[in-house]
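Colleague: Okay, here's the structure, questions in a sec.
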Amino acid sequence: MRKLELNLHDTHAGIWQDNANDPTFRKEIFLGLLKHLGRSGWTITLDEEVRKCYRSLSPSHRRARKGNLLASLRISGRVVEVEIWAETWQKDNSNGHRYDFDKLSRLDYLDRLRVDLTFRRIARWLSSLAAVKVKDKNCRPSLVAPTALERIAQRYAESCHTNKALGRPVCDQPCNSRSADGGTVSHGATVWFTDSKGRIGRGVAYYNINNMWWIAVGRDTLRNQASFEIYVSPPSDLRAKRNERERRRRLEAEMSSAVRAHNFRRAETIRNILFGDQPLFRIRSSKNDAFYGSNYSGYTSDTARAGLYTRTEAEDEVRRVPHLLSAFDLAGKPLVIPTDPDPVV
Numbered sequence: 001m002r003k004l005e006l007n008l009h010d011t012h013a014g015i016w017q018d019n020a021n022d023p024t025f026r027k028e029i030f031l032g033l034l035k036h037l038g039r040s041g042w043t044i045t046l047d048e049e050v051r052k053c054y055r056s057l058s059p060s061h062r063r064a065r066k067g068n069l070l071a072s073l074r075i076s077g078r079v080v081e082v083e084i085w086a087e088t089w090q091k092d093n094s095n096g097h098r099y100d101f102d103k104l105s106r107l108d109y110l111d112r113l114r115v116d117l118t119f120r121r122i123a124r125w126l127s128s129l130a131a132v133k134v135k136d137k138n139c140r141p142s143l144v145a146p147t148a149l150e151r152i153a154q155r156y157a158e159s160c161h162t163n164k165a166l167g168r169p170v171c172d173q174p175c176n177s178r179s180a181d182g183g184t185v186s187h188g189a190t191v192w193f194t195d196s197k198g199r200i201g202r203g204v205a206y207y208n209i210n211n212m213w214w215i216a217v218g219r220d221t222l223r224n225q226a227s228f229e230i231y232v233s234p235p236s237d238l239r240a241k242r243n244e245r246e247r248r249r250r251l252e253a254e255m256s257s258a259v260r261a262h263n264f265r266r267a268e269t270i271r272n273i274l275f276g277d278q279p280l281f282r283i284r285s286s287k288n289d290a291f292y293g294s295n296y297s298g299y300t301s302d303t304a305r306a307g308l309y310t311r312t313e314a315e316d317e318v319r320r321v322p323h324l325l326s327a328f329d330l331a332g333k334p335l336v337i338p339t340d341p342d343p344v345v
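If you're matching positions, the sequence shown starts at 1 in this note's numbering and goes up one per residue.
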């Protein structure tokens with residue numbers, strides 16, 4: 001049985017074979033792929049540009065179309081290449097949309113799904129003909145690869161921490177299973193977590209190492225999260241987003257943009273949403289000679305981009321490192337922070 005490698009990057013797919021002298025590669029893979037795409041709804045035609053300028057190469061080149069999507073297919077030696085693009089975005093490259101970078105992110109949402117579906121169908125079709133190894137630089141769920149549970153089993157088989165009797169690692173420290181809501185995370189139990197966008201998700205927890213747990217979500221998705229990020233009971237109001245930090249960072253950035261654009265009415269509206277009528281301050285670090293960014297993250301020397309903090313937040317942070325930090329109101333006046341009274345002995 002032949003061995004193939006399917007390399008995916010952006011909207012490009014390359015089907016590689018080690019043996020460059022295989023006379024069946026063209027018939028079974030290249031021509032077979034054209035028939036497979038034709039059955040999937042793609043219209044296959046000659047590449048007229050190649051036919052006009054390089055007639056001898058025309059048998060090795062084809063064009064395809066499906067809705068908004070355009071594709072170029074060619075065979076060269078031991079590789080068959082497929083490149084997909086559309087003409088639905090404002091092109092950057094004067095030679096055409098095909099030559100723009102990051103084409104996948106430029107596609108419309110439904111067209112991105114169609115590209116993903118096309119690559120999945122190609123992978124499944126190839127796996128029926130040969131042993132296929134997939135290398136996907138787009139970091140999406142694997143096309144012909146193991147499921148989430150199969151990947152966990154593979155990690156367990158390779159881990160030196162696996163208990164040979166149980167076939168998996170064992171969490172023997174209570175602190176490594178302490179959940180965000182004060183419970184205990186159990187191997188194989190249903191748990192809840194917060195994703196990168198602040199949405200609550202649900203999956204099944206499997207112990208990894210230290211306080212890290214695998215969470216299998218659906219068939220293919222696998223997450224690796226700390227126990228203090230996991231809930232053993234459903235959080236209240238599952239539809240609410242837990243994205244306070246991201247929300248504040250985004251709104252502060254919008255407020256700064258409004259100020260720079262002299263749209264002061266919009267800036268005032270955003271300020272009222274975030275802070276109400278509270279006085280605001282900027283925190284400056286003498287060590288970095290710069291102001292804090294939003295949410296205590298990063299530094300900037302631009303006051304328009306500096307993070308904004310309430311009096312309580314500014315006082316608490318400056319008290320933490322008083323020899324390096326200071327706070328100023330928006331007019332540049334230093335914030336005088338009262339010293340804590342000496343404790344009564």
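Ideal Cβ placement from N, Cα and C applies to all residues, glycine included.
1. Leaving out five residues before and five after residue 272 in sequence, what residues of the same chain have Cβ atoms less than 7 Å from its Cβ?
2. For residue 266, which of helix, strand or coil comes out of DSSP?
3. Hey, residue 325 and residue 284 are a contact pair by Cβ (cut 8 Å); roughly how many whole angstroms apart?
4. Return the bridge partner residues of residue 214 from the DSSP annotation.
5. What's the call for residue 307, buried or exposed, on a 16-neighbour Cβ count within 10 Å?
6. Within its chain, find whatever has a CB closer than 8 Å to the CB of residue 249; leave out the 5 residues flanking it on each side and keep chain order.
7. Does DSSP put residue 134 in a helix, in a strand, or in coil?
8. Do residue 243 and residue 226 count as a contact pair if the criterion is CB distance below 8 Å?
9. In chain order, what are the residue ranges of uninterrupted beta strand (DSSP E) at least 3 long that sit wholly in the segment 146-177?
10. Below 6 Å CB to CB, which residues in the same chain sit around residue 60 once its five sequence neighbours on both sides are set aside?
11. Could you pull out every residue in the same chain whose Cβ sits closer than 8 Å to the Cβ of residue 280, ignoring the five residues on either side in sequence?
12. At what residue ranges does the segment 280-330 contain a whole run of the beta strand (DSSP E), taking only runs of 3 or more?
13. Could you name the residues of the same chain whose beta carbon sits closer than 8 Å to that of residue 45, not counting the 5 residues immediately before and after it, in chain order?
14. Are the Cβ atoms of residue 168 and residue 207 separated by less than 8 Å?
15. Would you list the residues sitting across from residue 252 in a DSSP beta bridge?
16. Going by DSSP in three states, residue 87 sits in which element: helix, strand or coil?
17. Mind checking if residue 50 is an interface residue toward chain C, Cβ cutoff 8 Å exclusive?
18. When we look at the beta-carbon of residue 185 and count the other beta-carbons within 10 Å, is it buried (16 or more) or exposed?
19. Return the CA-CA distance between residue 268 and residue 162, expressed in angstroms with no decimal places.
20. What did DSSP end up calling residue 258 once you bin it into helix, strand or coil?
21. With DSSP collapsed to three states, give me the class of residue 97.
22. With 16 as the cutoff for other CB atoms within 10 Å, does residue 218 come out buried or exposed?
23. Which residues does DSSP pair with residue 82 in a beta bridge?
24. Looking at the unbroken alpha helix (DSSP H) that takes in residue 52, where does it start and where does it end?
25. Residues in the same chain with beta-carbon distance under 7 Å from residue 254, minus the five sequence neighbours each way, listed in chain order, please.
26. Please go through the same chain and pick out, in chain order, the residues whose beta-carbon is closer than 6 Å to the beta-carbon of residue 78, but skip the five residues on each side of it.
27. Which residue comes first and which comes last in the beta strand (DSSP E) that contains residue 30?
28. Can you look up residue 232 in the DSSP assignment and give me helix, strand or coil?
29. Residue 318 and residue 327 look like a contact to me (Cβ under 8 Å); what is the Cβ gap, rounded to whole Å?
30. Mind checking which residues open and close the alpha helix (DSSP H) that includes residue 192?
31. Taking all protein chains shown into account, do 16 or more other C-beta atoms lie within 10 angstroms of the C-beta of residue 345, making it buried, or fewer, making it exposed?
32. Specify the secondary structure class of residue 6 as computed by DSSP and reduced to three states.
33. For residue 339, which of helix, strand or coil comes out of DSSP?
34. Buried or exposed for residue 193, going by 16 or more other Cβ atoms inside 10 Å?
Modeller: On the basis of the coordinates in this document:
1. none
2. helix
3. 7 Å
4. 206, 224
5. buried
6. 294, 295, 297
7. strand
8. no
9. none
10. 74, 75
11. 271, 308, 309, 310, 329, 330
12. 280-285, 290-292, 325-329
13. 62, 63, 64, 65
14. yes
15. Residue 252 pairs with nothing; no bridge assigned.
16. coil
17. The structure shown contains no chain C, having only a single protein chain.
18. buried
19. 57 Å
20. helix
21. helix
22. exposed
23. 13, 73
24. 48-53
25. 270
26. 17, 20
27. Here residue 30 belongs to no beta strand (DSSP E), and DSSP marks it neither H nor E.
28. coil
29. 5 Å
30. That residue, residue 192, is in no alpha helix (DSSP H); its beta strand (DSSP E) goes 190-194.
31. In this predicted model, residue 345 has a pLDDT of only 49, less than 50, meaning its place in the structure is not dependable enough to derive any value.
32. strand
33. coil
34. buried
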